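Presented below is the structure to which this report refers.
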Amino acid sequence: MAAGETEWYPAVGGLRALLTLSLIALHTVMLSSAHFTMDSSPWKAYVQHPLYGIFQAGGLQVDGLLLISGLLLGLSIRKKYASGYSGNPLSDAWRYARERAVRLWPVLFGAIAMQMLLGDSIVEDSRGYLISLVQILTFTNNLFDVTIHGSFTMTVAWSVCMTVQIGVVSLGVLLCLRKLSGSRRIFELLARILLVVAVAHSLYVRYTLWDLEDGNVVLLGVRPHFGNVQTVHSYKFMSKTFGWDLDRALMDPSMVHLLDEDMDSSHPSYFASINPVAEYAHRYLRKLYFPTMARYGPMMVGLLVAFFLQPHANLAPSTKPPGLVGAVCRTGLTLWAVATLSASCLTLDESNLPQPEAMMFATVALQVTSAAAYGALLFLSLSPVGSFWHSSTVSGFLGWSGWGILSRHSYHVCMFHFRIIMELTCRYLRPASQEQVDFVYTAKVYAMGLIFTLVYAFMVAAVEKPVQSVLRTVLLLPNKTTAGTKKKEQ
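Here the sequence shown stands for residues 19 to 508, where the numbers follow the working numbering.
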């Protein structure tokens with residue numbers, strides 16, 4: 019078993035399914051509210067509604083998914099190299115990268131096929147599309163300027179690219195540490211120390227990038243309109259493809275004339291943001307949202323949780339379940355995690371912003387804090403039955419078998435849903451009124467988006483195995499034999 023390939027953990031699958039459903043909800047409220055003119059009374063009523071807060075959940079879903087990636091990698095490393103390591107860290111890190119390519123490329127191929135089928139702003143520029151394709155397949159698209167290389171279909175792959183980058187580096191470093199440390203206990207102790215330092219460093223990086231006026235996540239969140247992620251060329255695509263009737267209302271008045279001009283990527287305003295709010299959003303994305311160094315903290319938290327979990331083999335069969343103290347500690351940790359994640363559902367009011375210290379905390383530490391809350395729930399679920407920290411309630415909820423189908427297709431759903439929902443809201447499921455808050459319409463878009471996304475996900479998954487077999491041959495990896503094993507890929 020190569021590092022990065024893991025057993026099936028039902029609780030991890032459950033959390034992944036819930037995060038995937040929540041991510042679809044986040045993008046549903048963004049896209050289904052695009053028919054409102056930004057800053058209009060209906061739009062403000064919509065984004066300040068409690069249901070909107072629940073749907074968007076603070077935009078922290080990806081941080082939970084990054085945590086899961088780190089957790090699974092950490093568990094795999096602990097299990098495979100428990101008795102020692104004498105290999106070559108660089109060679110094994112390179113093999114891990116190829117294994118991830120085999121796992122993820124078929125999903126990315128499916129997204130590229132959808133991009134070609136439905137159309138996208140970047141497809142109009144063949145050179146830009148080719149560069150974007152190379153970035154996606156080398157897992158580096160999050161490192162490039164989203165205003166130039168971004169697209170409605172493929173930009174959502176930024177987090178997948180990031181997990182591969184962080185995973186390769188983390189695996190190489192931890193294998194070096196395992197090779198030098200000798201005993202398992204010393205290795206795990208040093209790994210915990212190193213990972214704590216890494217989490218602290220991730221917070222320090224965000225602190226150095228934080229700025230009240232130019233690096234503030236709260237300012238990004240108070241105007242979450244779909245128009246505020248647009249550039250001139252993507253807006254022209256929306257107008258040409260869908261007849262989007264809000265173009266001129268959302269665009270800066272000094273730039274409206276650009277909608278009627280013929281232009282290509284050589285035009286100086288081709289990649290310009292459409293208004294000052296969009297310009298701020300793009301600066302934030304380039305500075306604090308997409309760069310790996312600004313977002314690697316949650317994955318380090320996942321690795322840290324993995325190295326603090328008590329191995330099942332170390333739990334004596336005669337251990338008695340803990341009493342009142344254990345119950346209080348488990349309940350307290352559960353309540354803290356739920357309260358922390360629930361706080362992210364609060365809506366923001368531009369006229370009553372938090373204090374600067376609160377906005378600094380949100381920008382610097384909210385993602386790591388939410389990852390720690392997700393990690394706490396998995397820690398309670400994955401701790402051995404009968405141990406001090408095992409919670410049968412949390413484990414039972416997250417481990418429900420009904421989450422399995424969505425969890426096993428989470429990569430597909432996360433990659434495909436945004437473009438499908440955009441197609442539905444802009445072409446087929448227009449709202450009955452552009453002046454009325456209607457969460458029934460939002461729920462309809464969510465349900466239809468989920469159904470169509472799952473259908474396309476199943477279609478892509480149906481041809482995955484032969485594609486992966488070819489890729490394993492091309493990338494010089496041994497073909498897997500699955501007969502007689504119950505292990506599944508997560």
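Backbone N, C-alpha and C fix where the C-beta goes; we use that ideal spot for every residue, glycine too. Quantities reported herein were computed from a predicted structural model and do not represent experimental measurements.
Item                                                                                                                         : Value
Length-filtered (3 minimum) beta strand (DSSP E) runs lying within the region 449-493                                        : none
Chain-order list of residues whose beta-carbon lies under 7 Å from that of CYS179 (same chain, five-residue window excluded) : PHE157, THR158, ASN159 and ASN160
For LYS62, the first and last residue of its enclosing alpha helix (DSSP H)                                                  : 59-65
Environment of LEU207 [buried if 16+ CB atoms lie within 10 Å]                                                               : exposed
Exposure of TYR64, with buried meaning 16 or more beta-carbon neighbours within 10 Å                                         : buried
Whole-Å CB distance - LEU416 paired with GLY32, under 8 Å assumed                                                            : 4 Å
Separation of HIS300 from SER410, as counted between CA atoms                                                                : 44 Å
Cβ pair VAL217, GLY315 closer than 8 Å                                                                                       : yes
Chain-order list of residues whose beta-carbon lies under 7 Å from that of PHE260 (same chain, five-residue window excluded) : CYS444 and ARG445
CB of LEU85 within 8 Å of CB of GLY185, strictly                                                                             : no
7 Å Cβ shell around ALA479 - same chain, five flanking residues per side excluded                                            : HIS427 and HIS430
Outcome for GLU375 when other beta-carbon atoms lying within 10 angstroms are tallied against a minimum of 16                : exposed
Residue burial classification, PHE289 (beta-carbon count within 10 angstroms, cutoff 16)                                     : buried
GLY82 versus VAL223, SER177, ARG304 and TYR70, residue with shortest Cα-Cα distance                                          : SER177
Start and end residues, alpha helix (DSSP H) containing GLN248                                                               : Where GLN248 is concerned, there is no enclosing alpha helix (DSSP H), given that its DSSP letter is neither H nor E.
Best match in THR381, TYR392 and ASP263 for proximity to GLN452 [C-alpha to C-alpha]                                         : ASP263
Bridge partner(s) assigned by DSSP for SER291                                                                                : THR249
One or two residues paired with ASP229 in a DSSP bridge                                                                      : GLY233
Three-pair Cβ contact test at 8 Å for the region 347-364 versus the region 385-392                                           : yes
Distance CB(VAL120)-CB(LEU495) smaller than 8 Å                                                                              : yes
Coarse secondary structure for ASP81, derived from DSSP in three states                                                      : helix
Rounded C-alpha distance that separates VAL346 from ALA131                                                                   : 52 Å
GLN153 to GLY128 span [Cα, whole Å]                                                                                          : 16 Å
LEU198 to HIS67 span [Cα, whole Å]                                                                                           : 55 Å
As assigned by DSSP and simplified to three states, the class of HIS243                                                      : coil
Beta-carbon proximity of VAL240 to ILE292, cut-off 8 Å                                                                       : no
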